[in-house]
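Only one structure is covered here, and it is reproduced in the block below.
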Amino acid sequence: MAQQVRGVVARAKGEAVSVETITVPDPGPGEAVVAVQACGVCHTDLHYREGGINDEFPFLLGHEAAGVVESVGEGVTDVAPGDFVVLNWRAVCGVCRACRRGKPWYCFATHNAAQKMTLDSGEALSPALGIGAFAEKTLVHSGQCTKVNPAAKPEVAGLLGCGVMAGLGAAINTGGVGRGDSIAVIGCGGVGAAAIAGANLAGATTIIAVDIDDKKLQWAKEFGATHTVNSRENDAVEAIQQLTDGNGADVVVDAVGRPETFRQAFYARDLAGTAVLVGVPTPEMTIELPLIDVFGRGGATKSSWYGDCLPSRDFPMLVDLHLQGRLPLERFVSETISLDKVEEAFHRMERGEVLRSVVVL
1 MAQQVRGVVA RAKGEAVSVE TITVPDPGPG EAVVAVQACG VCHTDLHYRE GGINDEFPFL
61 LGHEAAGVVE SVGEGVTDVA PGDFVVLNWR AVCGVCRACR RGKPWYCFAT HNAAQKMTLD
121 SGEALSPALG IGAFAEKTLV HSGQCTKVNP AAKPEVAGLL GCGVMAGLGA AINTGGVGRG
181 DSIAVIGCGG VGAAAIAGAN LAGATTIIAV DIDDKKLQWA KEFGATHTVN SRENDAVEAI
241 QQLTDGNGAD VVVDAVGRPE TFRQAFYARD LAGTAVLVGV PTPEMTIELP LIDVFGRGGA
301 TKSSWYGDCL PSRDFPMLVD LHLQGRLPLE RFVSETISLD KVEEAFHRME RGEVLRSVVV
361 L
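Numbering (the UniProt record's numbering), first residue to last: 1 to 361.
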């Protein structure tokens, strides 16, 4: 039987969000209803509200979530009612050309629920990243539910669902940073801080945090940065080179996603090093580089989708590392809030006052 619950909805571009009654249908084949316990406030949700993703309003916001499976539809065998899960927005299909090549983290046909959640009026909602977890309950494809150790607190486990995984994976999975390597991370908000935490976890010995905000640079130190550079006061490329014997870093992660920061990442890497773009640019942004520099510097420039993660592999492992005290996920949680405080949390995020506000239900 369909259920009515409270959820945070963006009705129109640029308008303040509102808490409204939404209808969650019973799960159909391959679907699951999840009772959401916590959901992080991610910049992507703000992009949805501002019309920066698409114009398929109204949106049911929220996607960085953990909770308990309440019910499943026909044919679901990978999760069961009562399972504690982190939600993901790239449920792999297993049959597309990327999956068949053994690279499911690039899956080109990821799954979402077939049914729609709706407003009281019957108007269909577009769930953010196919999840819509600023709600007491949400309907997703069962493949979007990744079972993890229930000993983890929901407000920290859920952060793996987007921002932390994106940053950590950009450093480890995409950039391939490892023991003894050097890495620079440009932009030290939630995603950048996660890249620093990932580099520290992987054994990098020189971890350079770059930002224009001293508060974020202080946060970066707490996650393992060995050096900090305020790029409002110093040339970022020169500073990174000076800290790496004049060579540049083995890996440079651009967690901002602007032409000027990607240019910094490109020139701040060592010869044959790797520049990784994980910050999300807007559609009108372009970049021009001398082709001889692209050729002459060698190495690689990569984009990182969701930290090139495989949720079924990475989420349980990272939760276990957190429970062992080796991955300080709790440090990302700046505050916990209720559903009706999401709009205020957006403003605090825009002002750079928090790493993550987390809605707890």
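All C-beta atoms in this analysis are idealised placements derived from N, C-alpha and C, irrespective of residue type, glycine included.
Relative to the Cα of V72, the nearest Cα in the group E56, G30, H47 and C107 belongs to G30. Judged by DSSP in its simplified three-state form, D213 adopts coil rather than helix or strand. V95 and W105 have their C-alpha atoms roughly 12 Å apart.
Non-local beta-carbon contacts of S334 in its own chain, meaning distances under 7 Å to residues more than five positions away in sequence, involve V354, L355, R356 and S357 in chain order. Between the alpha carbons of V253 and A239 lies a gap of roughly 15 Å.
Bridge pairing for D181: absent [DSSP].
Contact between I208 and V229 is confirmed by a C-beta separation of about 6 Å, below the 8 Å threshold.
A distance below 7 Å between beta-carbons, with the five flanking residues on each side excluded, links I287 to the following residues of its chain, in chain order: P259, F262 and R263. Residue pairing of S303 in beta bridges, as defined by DSSP: L277. In the DSSP assignment, S71 falls within the beta strand (DSSP E) that extends over E64 to V72.
For D45, there is no enclosing beta strand (DSSP E); the residue is part of the alpha helix (DSSP H) that begins and ends at H43 to R49.
The region 307 to 319 makes no contact with the region 5 to 20: fewer than 3 CB pairs, one atom from each, lie closer than 8 Å. Straight-line spacing of the CA atoms in K153 and L321 works out to 13 Å. If you draw a straight line from the Cα of L329 to the Cα of L323, it comes to about 9 Å. The alpha carbon of K147 has as its nearest neighbour, out of S121, G167, P81 and F332, the alpha carbon of P81.
Per DSSP, reduced to three states, the secondary structure at N230 is strand. Between the beta-carbon of A199 and that of A171 there is about 5 Å, and that keeps the pair under the 8 Å contact cut. In the three-state DSSP reduction, T205 falls in the coil class, being neither helix nor strand.
Closest by C-alpha distance to P58, out of A220, G75 and V17, is V17.
The alpha-carbon of P283 is positioned some 33 Å away from that of T206. If you check the CB distance, G299 and G273 come in under 8 Å.
S142 is positioned such that its CB atom lies closer than 8 Å to that of A32. Secondary structure of R90 (DSSP, three-state): coil. The C-alpha of G75 lies about 26 Å from the C-alpha of G158. Beyond the five residues adjoining it in sequence on each side, E50 comes within less than 7 Å, by CB distance, of K13 and G14 in the same chain, given in chain order. Just measuring C-alpha positions, the residue of G203, Q242, I186 and D235 sitting nearest L217 is I186. The DSSP-derived three-state label of V156 is helix. The C-alpha of G178 lies about 18 Å from the C-alpha of A265. For D314, the enclosing alpha helix (DSSP H) begins and ends at P311 to L323.
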